[in-house]
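> Starting off with a structure, shown below.
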Amino acid sequence: MKFKRFATSVAVAGVLAAGHVGIASSAQAAYTDCPRGSACMWNDADYRPYGPDASFEYTFDLGTSWLNDDVSSIVNNGYTGYASIAYFYEHSGYKGEWVRLYAPGQGLQSRDPHLYNGVDEKQIAFNDKISSATFRNS
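Per the working numbering, the sequence shown starts with residue 250, numbered consecutively.
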């Protein structure tokens with residue numbers, strides 16, 4: 250009887266551990282939900298709660314969108330080469346202050362899960378300020 254109870258406890262612990270690992274890994278890897286060749290935006294920090302709230306391949310003007318001034322995480326998953334740098338602007342029409350992310354493989358920052366502390370290159374708080382975005386080559 251003791252062996253059966255022990256085996257059941259081990260099985261339950263294994264299921265709980267497997268479930269915990271699955272949840273942790275999916276939450277940590279959410280930035281990978283950004284399609285290749287695109288830049289993506291999430292309205293919550295850490296790329297949560299689900300996939301990106303918006304993605305673009307060329308330009309994106311948030312204008313009157315619900316996501317306007319409500320972006321907290323960004324990723325550039327674009328291609329290296331021409332127009333590979335994603336710029337995110339504080340105003341509609343690609344104007345005002347900006348932060349930029351480089352395509353993966355360029356050796357520079359390609360994602361930021363916490364815009365409240367700026368990006369590596371520009372230490373300005375940019376949380377909930379993005380209104381437009383575009384790819385450029387410099």
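Beta carbons: idealized from backbone N, C-alpha and C, even for Gly.
1. Can you tell which of Ala294, Asp361 and Tyr328 has its C-alpha closest to the C-alpha of glycine 354?
2. What residues in its chain sit with their C-beta under 6 Å from that of alanine 279, if we drop five residues either side in the sequence?
3. Rounded to a whole number of angstroms, what is the C-alpha to C-alpha distance between arginine 385 and phenylalanine 309?
4. So what does cysteine 289 bridge to, in DSSP terms?
5. Which of the three DSSP states is assigned to leucine 350 in this structure?
6. From the DSSP output, read off the bridge partner residues of alanine 382.
7. Buried or exposed: which applies to arginine 285, given that a residue is buried once 16 or more other Cβ atoms fall within 10 Å of its Cβ?
8. So, at 7 Å on beta carbons, what are the nonlocal neighbours of proline 301 in its own chain, with the 5 sequence-adjacent residues on each side left out?
9. Express the C-alpha separation of valine 368 and tyrosine 351 in angstroms, rounding to a whole number.
To lay it out plainly:
1. Measuring from the Cα of glycine 354, the nearest candidate turns out to be Tyr328.
2. Only residues of its own chain outside the window of five on either side were considered, and among them Tyr296 have a CB closer than 6 Å to the CB of alanine 279, listed in chain order.
3. Those two C-alpha atoms are separated by around 12 Å.
4. DSSP output for cysteine 289 lists Ser304 and Val324 as bridge partner(s).
5. It is a strand residue.
6. Under DSSP, alanine 382 forms a beta bridge with Phe309 and Phe337.
7. Exposed is the call here.
8. Result list for proline 301: Asp282, Cys283, Cys289, Met290 and Trp291, in chain order.
9. Taking the straight line joining both Cα atoms gives about 11 Å.
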